[in-house]
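For the record, the sequence lines run as chains A and B.
If you're matching positions, the first sequence starts at 1 in my numbering and goes up one per residue.
If you're matching positions, the second sequence starts at 470 in my numbering and goes up one per residue.
Just so you know, even glycine gets a beta-carbon here, dropped at the ideal spot from N, CA and C.
Protein chains: 2
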Amino acid sequence: MNSQHEKQTDLPQLAQLTAFIDQNWDNLVDSLREWLSIPSISSQPEHGADVRTAADWAQEYLKKIGFPQCSIIETAGHPLISGFWKMNESAPTLLIYGHYDVQPTDPLDEWQTPPFSPDIRDGKMYCRGASDDKGQVFLVLAALQAWAKVQGAPPLNIRVLLEGEEEAGGEAISLYVREHGDELAADSVLICDTAMISPTQPSLITGLRGILYTELAMNGARHDLHSGSYGGVAPNPLHGLCLLLTRLKGEDGRINIPELQAAIHPPDAEEKRFWDEDPLKIAAELAREMGVTELVGENEFAPLERLGVRPTLEIHGILGGYTGAGAKTVIPASATAKLSMRLPAGLSPQTVFSWLEKAVYRACPAGYTVKLHNLHSGDGVAVSKENSAIQAASRALRTVYGVDPIFMREGGSIPIAALFTSTLNAPVVLMGFGLPDDNIHAPNENLSLEQLRKGMKTVAAFFGYLARG
Amino acid sequence: MNSQHEKQTDLPQLAQLTAFIDQNWDNLVDSLREWLSIPSISSQPEHGADVRTAADWAQEYLKKIGFPQCSIIETAGHPLISGFWKMNESAPTLLIYGHYDVQPTDPLDEWQTPPFSPDIRDGKMYCRGASDDKGQVFLVLAALQAWAKVQGAPPLNIRVLLEGEEEAGGEAISLYVREHGDELAADSVLICDTAMISPTQPSLITGLRGILYTELAMNGARHDLHSGSYGGVAPNPLHGLCLLLTRLKGEDGRINIPELQAAIHPPDAEEKRFWDEDPLKIAAELAREMGVTELVGENEFAPLERLGVRPTLEIHGILGGYTGAGAKTVIPASATAKLSMRLPAGLSPQTVFSWLEKAVYRACPAGYTVKLHNLHSGDGVAVSKENSAIQAASRALRTVYGVDPIFMREGGSIPIAALFTSTLNAPVVLMGFGLPDDNIHAPNENLSLEQLRKGMKTVAAFFGYLARG
Numbered sequence: 001m002n003s004q005h006e007k008q009t010d011l012p013q014l015a016q017l018t019a020f021i022d023q024n025w026d027n028l029v030d031s032l033r034e035w036l037s038i039p040s041i042s043s044q045p046e047h048g049a050d051v052r053t054a055a056d057w058a059q060e061y062l063k064k065i066g067f068p069q070c071s072i073i074e075t076a077g078h079p080l081i082s083g084f085w086k087m088n089e090s091a092p093t094l095l096i097y098g099h100y101d102v103q104p105t106d107p108l109d110e111w112q113t114p115p116f117s118p119d120i121r122d123g124k125m126y127c128r129g130a131s132d133d134k135g136q137v138f139l140v141l142a143a144l145q146a147w148a149k150v151q152g153a154p155p156l157n158i159r160v161l162l163e164g165e166e167e168a169g170g171e172a173i174s175l176y177v178r179e180h181g182d183e184l185a186a187d188s189v190l191i192c193d194t195a196m197i198s199p200t201q202p203s204l205i206t207g208l209r210g211i212l213y214t215e216l217a218m219n220g221a222r223h224d225l226h227s228g229s230y231g232g233v234a235p236n237p238l239h240g241l242c243l244l245l246t247r248l249k250g251e252d253g254r255i256n257i258p259e260l261q262a263a264i265h266p267p268d269a270e271e272k273r274f275w276d277e278d279p280l281k282i283a284a285e286l287a288r289e290m291g292v293t294e295l296v297g298e299n300e301f302a303p304l305e306r307l308g309v310r311p312t313l314e315i316h317g318i319l320g321g322y323t324g325a326g327a328k329t330v331i332p333a334s335a336t337a338k339l340s341m342r343l344p345a346g347l348s349p350q351t352v353f354s355w356l357e358k359a360v361y362r363a364c365p366a367g368y369t370v371k372l373h374n375l376h377s378g379d380g381v382a383v384s385k386e387n388s389a390i391q392a393a394s395r396a397l398r399t400v401y402g403v404d405p406i407f408m409r410e411g412g413s414i415p416i417a418a419l420f421t422s423t424l425n426a427p428v429v430l431m432g433f434g435l436p437d438d439n440i441h442a443p444n445e446n447l448s449l450e451q452l453r454k455g456m457k458t459v460a461a462f463f464g465y466l467a468r469g
Numbered sequence: 470m471n472s473q474h475e476k477q478t479d480l481p482q483l484a485q486l487t488a489f490i491d492q493n494w495d496n497l498v499d500s501l502r503e504w505l506s507i508p509s510i511s512s513q514p515e516h517g518a519d520v521r522t523a524a525d526w527a528q529e530y531l532k533k534i535g536f537p538q539c540s541i542i543e544t545a546g547h548p549l550i551s552g553f554w555k556m557n558e559s560a561p562t563l564l565i566y567g568h569y570d571v572q573p574t575d576p577l578d579e580w581q582t583p584p585f586s587p588d589i590r591d592g593k594m595y596c597r598g599a600s601d602d603k604g605q606v607f608l609v610l611a612a613l614q615a616w617a618k619v620q621g622a623p624p625l626n627i628r629v630l631l632e633g634e635e636e637a638g639g640e641a642i643s644l645y646v647r648e649h650g651d652e653l654a655a656d657s658v659l660i661c662d663t664a665m666i667s668p669t670q671p672s673l674i675t676g677l678r679g680i681l682y683t684e685l686a687m688n689g690a691r692h693d694l695h696s697g698s699y700g701g702v703a704p705n706p707l708h709g710l711c712l713l714l715t716r717l718k719g720e721d722g723r724i725n726i727p728e729l730q731a732a733i734h735p736p737d738a739e740e741k742r743f744w745d746e747d748p749l750k751i752a753a754e755l756a757r758e759m760g761v762t763e764l765v766g767e768n769e770f771a772p773l774e775r776l777g778v779r780p781t782l783e784i785h786g787i788l789g790g791y792t793g794a795g796a797k798t799v800i801p802a803s804a805t806a807k808l809s810m811r812l813p814a815g816l817s818p819q820t821v822f823s824w825l826e827k828a829v830y831r832a833c834p835a836g837y838t839v840k841l842h843n844l845h846s847g848d849g850v851a852v853s854k855e856n857s858a859i860q861a862a863s864r865a866l867r868t869v870y871g872v873d874p875i876f877m878r879e880g881g882s883i884p885i886a887a888l889f890t891s892t893l894n895a896p897v898v899l900m901g902f903g904l905p906d907d908n909i910h911a912p913n914e915n916l917s918l919e920q921l922r923k924g925m926k927t928v929a930a931f932f933g934y935l936a937r938g
């Protein structure tokens with residue numbers, strides 16, 4: 001994919017950085033175990049004290065590494081951790097983002113070992129938070145620790161900003177970034193909170209789709225009706241929603257919003273070729289992961305294109321009528337559907353909302369009224385492959401993994417990445433060391449120790465390459 | 470509608486029966502108040518003792534009227550009350566069915582007076598159960614009481630069978646009827662548990678639709694997916710259900726099951742003319758009741774035809790994904806829909822289930838699997854207008870109301886009516902004295918006192934006409 005096979009720039013400190021990581025491996029793993037043992041589940045109030053303990057642990061570790069400035073920032077929810085290690089005025093500044101909170105652990109009985117007792121087996125560290133995101137935050141800290149040991153300080157100015165509400169949808173960090181954008185000034189941002197395609201094929205995420213999350217409310221009769229007395233003449237908003245939703249998107253997966261289709265830029269020819277050739281056999285891999293025999297959607301587009309840049313429209317839930325056990329013959333007066341759209345970077349979710357709203361009115365069958373509500377939205381992100389931070393990350397991955405990374409578009413949305421892009425006007429490097437089978441948000445979450453170690457070395461190299469520009 | 474303007478057969482006892490009801494009106498109303506005050510909510514275990522008290526009250530009233538045989542029959546749930554008053558071997562036998570249990574009362578704060586403190590205002594008795602069904606059972610008992618006073622006994626053999634689980638979907642009565650069909654032998658059945666069109670237009674129900682209640686389960690991927698990571702290639706059973714359900718029934722309201730459409734008999738020409746002419750302005754009345762400006766469904770058929778004999782397919786609920794507050798971007802692995810069909814009398818719900826099952830497989834979009842479950846079903850009922858019991862009821866209504874009754878098809882299903890029809894092989898007279906604004910199953914349930922009084926007189930006359938054949 002990356003056709004620029006430029007000569008590998010030598011990094012004089014690399015051997016020492018690598019040696020530090022290898023020689024201190026057991027200590028590093030023990031430190032990570034310690035952090036992982038703290039059940040910092042941000043969405044469960046009974047774990048409030050644990051979240052605080054995990055924040056304190058991170059602050060202590062920053063101090064231990066040698067951060068001259070480092071503080072806990074109180075918020076309305078869980079605290080932020082801020083650190084700054086200033087090299088000199090002329091050096092570039094990198095902002096490192098991550099989160100120290102974790103997902104809940106249900107269903108508990110599906111864990112092979114207790115979720116907060118880190119257990120190493122088959123070369124993997126099993127623990128809630130191992131991959132998402134404590135393990136990946138820790139590998140960045142270990143890379144900084146290596147630089148501190150090898151030459152007393154990182155090779156560039158480093159800001160760290162960690163949050164404790166990522167898994168709970170908390171607003172503290174976005175409020176903070178909006179209010180303190182000036183203090184956070186950085187030339188680039190590093191987020192290690194994603195996964196690679198495979199342990200032998202490093203990848204960098206150069207695009208994230210935006211998101212628009214809406215709720216569609218449909219009304220029929222004034223009050224609920226009995227299907228015996230009114231079935232055959234009454235509007236049934238559950239049926240009305242089905243009609244409307246299939247008009248917005250049919251079996252072919254195409255979204256029937258003309259303004260949206262017209263606004264989609266044709267993809268870069270090289271990227272399009274890569275998607276169409278599917279050299280990584282993503283289509284088969286996706287089918288395997290989902291346990292299906294065929295993919296559903298816009299089959300005239302390659303799966304990678306559909307996941308990375310095509311807009312999507314998904315129904316997440318339909319509420320109305322009766323869904324308990326047994327039978328109830330109600331025709332509900334109203335019903336609502338939760339709908340989200342993933343949007344190619346560059347499209348404003350607000351604009352798309354107005355297009356969707358028009359399409360909803362057009363598609364509404366006779367006898368019903370509808371109203372569309374905008375619940376939340378987030379911009380997409382697109383980073384040029386030519387950007388120097390992406391180039392530094394690419395070089396670091398090639399150095400450690402021995403192969404060029406693939407540039408991927410990620411289908412998901414990371415609102416904080418979009419916020420850093422827009423508020424700080426800094427490119428975001430999304431370099432994750434997770435793997436597809438890490439079981440994040442699921443029982444038996446794990447992180448490959450090989451990935452942990454390579455991640456530390458890659459990030460250490462990244463700092464060096466980035467510092468040199 | 471009833472073109473047989475035969476000369477009114479005189480009923481010698483009618484003046485005395487009517488006089489008894491008028492002269493004892495206050496006592497009769499007081500007795501009904503007493504019964505209504507007992508909160509016999511069958512679906513709420515905390516009211517178990519009240520249900521029993523209401524059963525005891527009914528048994529005592531049967532004794533007071535003069536029933537020579539009368540007993541409480543224990544069941545797995547709430548008791549049945551059985552009474553038999555034998556006139557002589559050669560007289561016809563009428564089985565009277567009703568229920569003494571009532572619906573719950575929520576939302577309680579919408580009641581103008583407490584639900585179990587019978588309150589008379591504006592000529593109506595307000596109380597839970599006033600119309601459904603204690604008030605209507607009571608008017609039948611009062612008619613029997615009148616006959617007992619006037620000539621010592623009813624003019625024909627009377628069986629009474631009351632249940633206490635109608636509002637809780639209990640099975641006790643159907644088990645009993647199936648096991649004791651022989652002992653219940655009757656020439657016809659009277660059920661007063663429905664409503665008339667208006668206080669000036671009596672009506673008799675000559676048809677009930679059957680019901681088939683199913684649950685449709687659709688599967689996509691092996692487990693729930695995140696719309697960011699899989700949106701665009703993943704099956705979404707919520708969307709799959711929408712596609713399937715709109716293929717089963719489009720905006721035109723027509724059910725796409727060819728076997729079903731082929732099995733529908735063309736309606737009787739006279740009935741069809743009545744539906745099409747809509748002399749009662751039912752279309753406008755239905756729109757008013759529902760608070761809508763247009764009816765939804767098969768607009769090429771008249772509303773009365775759509776409600777009474779056309780098959781319907783309604784979605785009662787769709788379960789799957791996320792329907793709580795806020796946003797969650799899940800693509801569920803599976804989703805289910807509750808679907809019911811109302812069926813013209815004469816069609817076997819089992820046969821229709823097999824047709825629906827085939828239609829569901831045909832309509833299932835690519836990438837999904839479906840399974841249809843039969844939750845329950847009930848046969849429809851059709852009684853000929855020429856039947857002597859219907860003729861006797863018609864005559865009684867004309868005598869008391871001064872106008873011919875209209876013969877109506879009712880859209881709802883009354884499974885016990887179908888069971889009486891099939892088990893006892895006896896025609897069912899569905900002669901209700903409720904009105905459309907009785908608020909049954911809702912706050913401020915009421916029964917018009919005028920309807921209560923006319924109902925007593927009509928049922929008394931009905932006994933007389935039926936006895937004479």
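With fewer than three CB-CB distances shorter than 8 Å, the segment 878-894 of chain B does not count as touching the segment 685-694 of chain B. In terms of Cβ geometry, residue 561 of chain B and residue 812 of chain B do not form a close pair [threshold 8 Å]. The Cβ-Cβ distance between residue 652 of chain B and residue 642 of chain B does not fall below 8 Å. Taking a Cβ-Cβ threshold of 8 Å, the residues of chain A close to residue 798 of chain B are 211, 213, 314, 316 and 340, in chain order. Of all residues in the segment 221-237 of chain A, only 221, 222, 223, 225, 226, 227, 228, 229, 230, 231, 232, 233, 234, 235 and 236 place a beta-carbon less than 8 Å from a beta-carbon of chain B. Secondary structure note for residue 27 of chain A: its alpha helix (DSSP H) is the uninterrupted segment 25-36.
For residue 306 of chain A, the nearest beta carbon of chain B is closer than 8 Å to its own beta carbon.
No residue range can be given for residue 111 of chain A, since it is assigned to no beta strand (DSSP E) and is classified by DSSP as neither H nor E. Here DSSP, grouped into helix, strand and coil, assigns residue 637 of chain B to helix. For residue 563 of chain B, the enclosing beta strand (DSSP E) covers residues 562-568.
Residue pairing by DSSP places residue 226 of chain A opposite A/330 in a beta bridge. Taking the beta carbon of residue 322 of chain A as reference, the chain B residues within 7 Å of it are 785, 786 and 807, listed in sequence order. Contact check for residue 94 of chain A against residue 186 of chain A passes: the beta carbons are separated by less than 8 Å.
For residue 301 of chain A, the CB contacts under 7 Å within the same chain, skipping 5 residues up- and downstream, are 310 in chain order.
In chain B, no part has a C-beta under 8 Å from the C-beta of residue 102 of chain A; the shortest such distance is about 17 Å.
Just so you know, the alpha carbons of residue 112 of chain A and residue 333 of chain A end up roughly 47 Å apart.
The residues 764 and 772, in chain order, have a CB closer than 7 Å to that of residue 755 of chain B in the same chain once the five nearest residues on each side in sequence are set aside. For residue 242 of chain A, the enclosing alpha helix (DSSP H) stretches over residues 237-248.
For residue 19 of chain A, the number of other beta carbons within 10 angstroms of its own is below 16, and it is reported as exposed. Note on residue 317 of chain A: 16 or more other CB atoms within 10 angstroms of its CB, so buried under the neighbour-count rule.
Residue contact with chain B for residue 290 of chain A: present (Cβ-Cβ distance below 8 Å to some residue of chain B).
Residues of chain B whose Cβ lies closer than 7 Å to the Cβ of residue 267 of chain A do not exist; the shortest such Cβ separation is about 14 Å. Interface with chain B (8 Å Cβ-Cβ cutoff): residue 310 of chain A is included. Residue 828 of chain B is positioned such that its CB atom lies no closer than 8 Å to that of residue 850 of chain B. Here DSSP, grouped into helix, strand and coil, assigns residue 102 of chain A to strand. Residue range 119-121 is occupied by the beta strand (DSSP E) that includes residue 121 of chain A. Burial of residue 767 of chain B is indicated by the presence of at least 16 other C-beta atoms within 10 angstroms of its C-beta.
Listed along chain A are 239, each with a C-beta nearer than 8 Å to that of residue 718 of chain B. DSSP places residue 194 of chain A in the coil class of the three-state scheme, outside both helix and strand. Think of a sphere of 7 Å around the beta carbon of residue 377 of chain A: no beta carbon from chain B falls inside it, the nearest being about 10 Å out. Secondary structure of residue 213 of chain A (DSSP, three-state): strand. Per the DSSP secondary-structure output, residue 783 of chain B pairs in a beta bridge with B/809.
Residue 319 of chain A sits in a strand when the DSSP states are folded into three classes. For residue 294 of chain A, the chain B residues whose Cβ falls inside 8 Å of its Cβ are 835 and 836, in order along the chain.
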